[in-house]
Each structure stands twice: as C-alpha cells, then as structure tokens.
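**Student:** Chains as they are written, first to last, in the numbering used here: chain A, 17 to 276; chain B, 375 to 634. Below you'll find the structure I mean.
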C-alpha cells in the first residue's frame with residue numbers, strides 16, 4: 017500500500033523513467049484550441065433562379081501536407097439546407113454532431129415545423145459568436161445555403177468571430193480572393209439571382225474550383241457540389257476537375273520545358 | 375523528479391509531478407475582434423431625426439457584401455421592425471454590433487410588456503450605456519448612435535463610445551470615415567467657422583447661430599457627406615441606407631453609392 021495519495025495513479029519512475037515535462041506549458045492559458053490543425057480550404061456558392069449551388073473540394077490539409085483526400089465538407093441538413101465548411105476539420109465534425117442532434121430532435125418533435133437554412137444560419141452564427149466570446153473559437157468559416165421562410169433562395173456566411181453577411185455569391189478562404197471576382201464578373205449586380213439559370217451557376221462553380229486548383233496550393237482536383245432547389249438537394253461528392261489547360265505555362269519562363 | 379519524504383533515498387520510489395518550466399508563457403494568439411469598416415451618420419431636426427449608414431461590409435481589402443445594413447429599427451412588433459420608434463446604428467465589429475442590436479431590441483420589447491408603454495428615447499439611451507459598460511473589460515467594439523423623438527417631439531440623437539460614454543448631440547458621424555464627415559457636419563449643421571458678413575469691424579465678426587435645419591436640407595447633407603466619403607475612403611461605398619424618424623413613423627430610403 018502506497019500511503020502517499022498524491023502519487024496514486026502516477027507512473028513509477030523506476031518502471032517508466034522520469035517524465036520530462038519541459039515542453040509542456042503547465043501555467044498560463046490553454047492554447048491548443050488557438051489555432052487550427054487539420055483544415056479545409058475554400059467553399060464557393062452562388063444563388064440562381066429557384067435555388068442555391070455550393071461547392072468545396074474533398075481535401076483536409078495538415079499544414080502544407082495534403083493529409084486526407086476524401087473528406088466531405090458539404091453537409092446536408094434536413095432536405096433543404098446544406099452547410100459548407102472551411103477551416104478546422106475537427107471543429108467541423110463537432111458542429112456536424114450538433115446539427116445532427118438538432119435534426120433528430122426536430123424530427124421527433126410534434127410541432128411539425130422544420131428548420132430552414134436561415135434558422136440554421138442564425139443558430140450556427142450564435143454558436144460561433146458564443147465560442148469566440150469565451151476565447152475558445154470554433155475555427156471555421158461556413159456558408160449556409162438553402163431557403164428562407166418565404167421559400168426564397170438563401171445564402172449566408174458566418175465565421176469564427178461570429179461575423180455574418182449575405183450576398184448573391186460568396187466564397188471563403190482563398191476563394192474570397194480568387195472565386196468572388198470571377199462570380200462578380202459572371203453575375204454582376206445588374207443581373208439578379210433570378211436571371212441566373214441553374215446550369216450557369218453550376219458551370220460557374222466548376223470554373224471557380226478549377227481556378228482554385230490552379231492557384232491555391234491547399235486545394236484538390238476532387239470536389240463535391242450540391243444544388244439545393246425546390247426539388248430537394250442533389251449532392252455529387254466525387255467530382256473531378258476536368259479540361260485543365262497548362263498551355264499557358266509554355267510561355268512562362270521557369271514553368272515549361274525550356275531550360276534558358 | 376520528486377522523492378516522497380520519509381523513505382531512505384536509496385529505496386525511495388520516484389514519481390513525476392508537474393512542475394513549472396522555464397519555457398516562456400505562450401499567450402493567446404486569438405484576437406476576438408475584426409473591423410468591418412463602413413460609416414454611419416445621424417442628424418436631428420426640429421421634428422425628425424435621420425440616421426444613415428453605408429451598406430458595405432469589408433474584411434481587410436476584401437468586400438464581404440455590398441448590402442449589409444448598419445441601421446436598425448429597435449423595439450418593433452415583428453422582425454420587419456414595424457411599429458418601432460427608436461433607431462440604432464452600429465459600426466465597427468459587425469458581430470458585436472449584431473449582438474448589441476439584438477440585446478437592445480429585447481430590452482425595449484420587455485420594457486413595453488412590463489410597463490405597458492413604449493420606452494422613451496432618453497431611457498433607452500441610458501440603458502444602452504449600461505449595456506455597453508457591463509462589458510467594460512471585454513467591450514462591444516462598436517460606435518453606436520441612437521435616434522428617436524424626445525418627449526417634446528423634437529429629434530433626439532445620442533452617440534456612444536465602445537464602453538458606454540454617451541452624449542446627446544445635434545449631429546454625429548461614426549465609423550471609418552468619421553474623421554472625413556464630422557468636420558463637414560460641424561461646418562454645415564452647427565455653422566462652425568461661419569460668420570455673418572459685415573456684422574463687425576475687421577475680424578470681430580458675429581458667428582452664425584446654429585438652428586434646426588429642414589428635412590430636405592438634412593437629407594441632402596447626408597447624401598453629400600456619403601458621396602464625398604466614398605471618394606476618399608475605400609471602406610465606404612455600395613449603398614446608402616437612410617432612416618428618417620418622424621411622428622408619423624420610420625421611413626427607409628436607399629440610395630446607391632459607387633461600388634468601386
């Protein structure tokens with residue numbers, strides 16, 4: 017019997033060797049949630065006449081390492097809303113569990129109401145804002161696509177600080193720099209979402225992902241795309257970026273085959 | 375390695391305990407604020423108050439959205455704000471602004487349910503200051519302006535700093551272009567540096583006395599202030615949202631601004 021309770025449950029040094037705590041921070045604030053670890057890159061989305069299209073690639077990076085190449089970053093909620101996640105993948109999975117439990121509770125409830133994409137976005141932005149206020153952020157930037165209470169197409173964003181905004185086309189991460197200008201050129205303000213067809217929207221997203229694959233070093237050529245319309249959600253998860261052309265590279269010194 | 379007391383050191387079983395290391399303490403790298411840019415402006419008249427703000431939302435050099443309102447109706451009967459008699463504008467960190475608006479809205483509604491009469495603008499102004507000061511050491515990072523009509527039916531305008539200092543004023547500009555707009559307001563609303571021609575000898579001229587301006591003049595001043603701010607500040611643009619409160623209710627006017 018060991019009569020020293022403070023030693024109970026601790027590994028014995030003569031069996032395991034002394035523990036070296038030098039790399040552990042034993043005082044001060046908890047820091048392991050202060051930066052993301054495994055991350056997903058851009059999500060892009062655009063409204064069209066009668067719905068919303070949203071797309072993201074299937075990569076989860078560990079720093080610059082392409083760690084997991086079959087990660088689905090578009091998550092369905094009910095049968096009329098999709099959430100696209102960029103940022104930390106484990107936080108995404110946590111949020112997904114939250115959404116799952118809400119969905120189950122709503123489906124078992126007797127009031128008969130269903131949560132639409134707008135409700136979902138309000139909920140998620142409050143979760144994110146609460147966590148940032150506790151200095152324990154969920155390291156994600158999300159896009160929520162679906163319909164509002166008037167059955168009009170809905171697309172809105174929320175980030176790890178709880179900041180929210182809405183626009184006819186949105187993109188997170190690198191896509192905010194590369195995809196949004198393309199979408200703004202294809203669908204300018206003079207052309208409202210009602211004038212955009214579903215095929216145009218999907219083709220634009222595929223084009224954006226191709227540009228991102230060319231220039232975003234943390235992207236992948238395998239992607240998922242979801243179309244939310246009145247008919248429901250059509251989600252395709254094993255898409256491949258096609259018809260890339262590297263012909264321009266020949267003309268650029270250092271890119272092509274030429275030596276000098 | 376710590377040895378438990380009371381045993382000869384040769385037979386002692388060692389256990390490892392956590393102890394402070396000499397490693398420097400890592401601080402939080404998470405910064406819970408961002409600046410979403412934009413500007414707001416409020417001017418009062420003898421029987422009205424105008425509160426205006428641009429509709430651009432930015433993050434760094436990115437434009438998040440071209441339509442993200444900064445002026446809200448407070449204490450309305452439904453989510454459209456119908457029946458409200460107080461206006462609030464928030465500029466700075468949009469997520470805090472949203473949270474603040476929702477809190478004040480709830481307070482004004484609860485006041486009505488509990489006291490059976492609408493909350494006066496003066497009472498609401500004091501309450502808003504308290505809400506700010508309650509978060510004195512983790513502030514709502516916004517500059518707020520509250521507008522309404524006082525007990526005499528005159529336009530009332532209160533401006534705030536992020537920790538709750540407030541003051542009733544005739545006019546106030548806030549946000550990123552405040553330093554561009556405020557001097558213009560000093561001159562055009564409060565007639566600073568304006569003198570009555572020929573009213574005295576040499577430089578001893580009589581200053582022009584400020585007086586409440588008519589509504590159309592004030593609307594034009596607001597438009598001029600914003601069109602000028604758009605030219606000189608990159609975070610201001612896209613659209614101008616003006617809310618005019620009179621005894622007849624609240625009128626909302628949207629006016630496009632340059633989108634560059």
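Glycine included, every Cβ here is placed at the ideal spot set by N, Cα and C.
1. Quick check: the segment 430–448 of chain B against the segment 532–548 of chain B, are there 3 or more CB pairs under 8 angstroms?
2. With respect to the beta strand (DSSP E) encompassing residue 238 of chain A, which residues constitute its N-terminal and C-terminal limits?
3. Would you say residue 480 of chain B reaches chain A, if we count a Cβ-Cβ gap shorter than 8 angstroms as a contact?
4. Examine chain A for any beta-carbon lying closer than 8 angstroms to the beta-carbon of residue 514 of chain B, and answer yes or no.
5. What three-state label does DSSP hand residue 581 of chain B in the structure shown?
6. Return the residue from the list A:258, A:139 and A:138 that minimises the CA-CA distance to residue 219 of chain A.
7. Check each residue of the segment 403–421 of chain B: if its Cβ is closer than 7 angstroms to any Cβ of chain A, include it; give the result in chain order.
8. Do the CB positions of residue 547 of chain B and residue 403 of chain B come within less than 8 angstroms of each other?
9. By the DSSP assignment, the beta strand (DSSP E) with residue 268 of chain A in it spans what residues?
10. Is any beta-carbon of chain A found at less than 8 angstroms from that of residue 629 of chain B?
11. Would the segment 221–241 of chain A count as touching the segment 198–205 of chain A if we require 3 or more Cβ pairs under 8 angstroms?
12. Taking C-beta to C-beta, are residue 637 of chain B and residue 553 of chain B nearer than 8 angstroms?
13. Is residue 377 of chain B helix, strand or coil when you go by DSSP?
14. Let me know the secondary structure DSSP gives residue 532 of chain B once reduced to three states.
15. Relative to the C-alpha of residue 536 of chain B, which candidate in B:450, B:521, B:507 and B:557 has its C-alpha closest?
16. Just the Cα atoms here: how many angstroms apart are residue 491 of chain B and residue 528 of chain B?
17. Only counting the same chain, and skipping five residues up and downstream in sequence, which positions put a Cβ closer than 6 angstroms to that of residue 463 of chain B?
18. In chain A, which residues lie with their C-beta within 8 angstroms of the C-beta of residue 388 of chain B?
19. Could you name the residues of chain A that residue 468 of chain B contacts, counting a contact when the two beta carbons are closer than 8 angstroms?
20. How about the segment 511–526 of chain B and the segment 562–581 of chain B: do they share at least three Cβ pairs that are nearer than 8 angstroms?
21. Spatial neighbours of residue 595 of chain B within its chain, please: CB distance less than 6 angstroms, with the 5 preceding and 5 following residues excluded, ordered by chain position.
22. I'd like to know whether the C-beta of residue 23 of chain A is nearer than 8 angstroms to at least one C-beta of chain B.
23. Taking beta-carbon pairs under 8 angstroms, can you tell me which members of the segment 151–162 of chain A lie near chain B?
24. Using a threshold of 8 angstroms, state whether the C-beta atoms of residue 238 of chain A and residue 73 of chain A are closer than that.
25. So if DSSP puts residue 56 of chain A in a beta bridge, which residue, or which two residues, is it bridged to?
26. Under 8 angstroms, Cβ to Cβ, is there at least one residue of chain A near residue 440 of chain B?
27. Scan the segment 467–495 of chain B and note each continuous alpha helix (DSSP H) run of 4 residues or more that stays entirely inside, going in chain order.
28. Are there three or more Cβ pairs, one per stretch, closer than 8 angstroms when the segment 91–99 of chain A is compared with the segment 161–168 of chain A?
29. Which value, in whole angstroms, describes the spacing of the CA atoms of residue 457 of chain B and residue 621 of chain B?
30. Cβ closer than 9 angstroms: which chain A residues qualify as neighbours of residue 472 of chain B?
31. Classify residue 32 of chain A as helix, strand or coil using the three-state DSSP reduction.
32. Within a Cβ cutoff of 7 angstroms, which residues of the same chain sit near residue 119 of chain A, ignoring the five residues on either side of it in sequence?
33. Between the C-alpha atoms of residue 56 of chain A and residue 102 of chain A, what's the straight-line distance to the nearest angstrom?
34. Can you tell me where the beta strand (DSSP E) holding residue 541 of chain B begins and where it ends?
35. Under DSSP, the alpha helix (DSSP H) around residue 255 of chain A begins and ends at which residues?
36. Around the Cβ of residue 31 of chain A, are there at least 16 other Cβ atoms within 10 angstroms (buried) or fewer (exposed)?
**Tutor:** According to the structure data:
1. no
2. 238–245
3. no
4. no
5. strand
6. A:258
7. 403, 404, 406, 408 and 410
8. no
9. Where residue 268 of chain A is concerned, there is no enclosing beta strand (DSSP E), given that its DSSP letter is neither H nor E.
10. no
11. yes
12. The shown model of chain B, from 375 to 634, leaves out residue 637 of chain B, and the question about it has no answer.
13. For residue 377 of chain B, the pLDDT reaches just 49, beneath the cut-off of 50, and the residue's location in the model is therefore unreliable, although a value from the coordinates is still provided. Residue 377 of chain B: strand per DSSP, three-state reduction.
14. strand
15. B:507
16. 19 angstroms
17. 414, 425, 427, 444, 445 and 519
18. 28, 29, 30 and 34
19. 179, 180 and 181
20. no
21. 562
22. yes
23. 151 and 153
24. yes
25. A:103
26. yes
27. 468–489
28. yes
29. 12 angstroms
30. 141, 145, 178, 179 and 180
31. helix
32. 93 and 94
33. 5 angstroms
34. 540–542
35. Not the alpha helix (DSSP H): residue 255 of chain A falls in the beta strand (DSSP E), residues 248–256.
36. exposed
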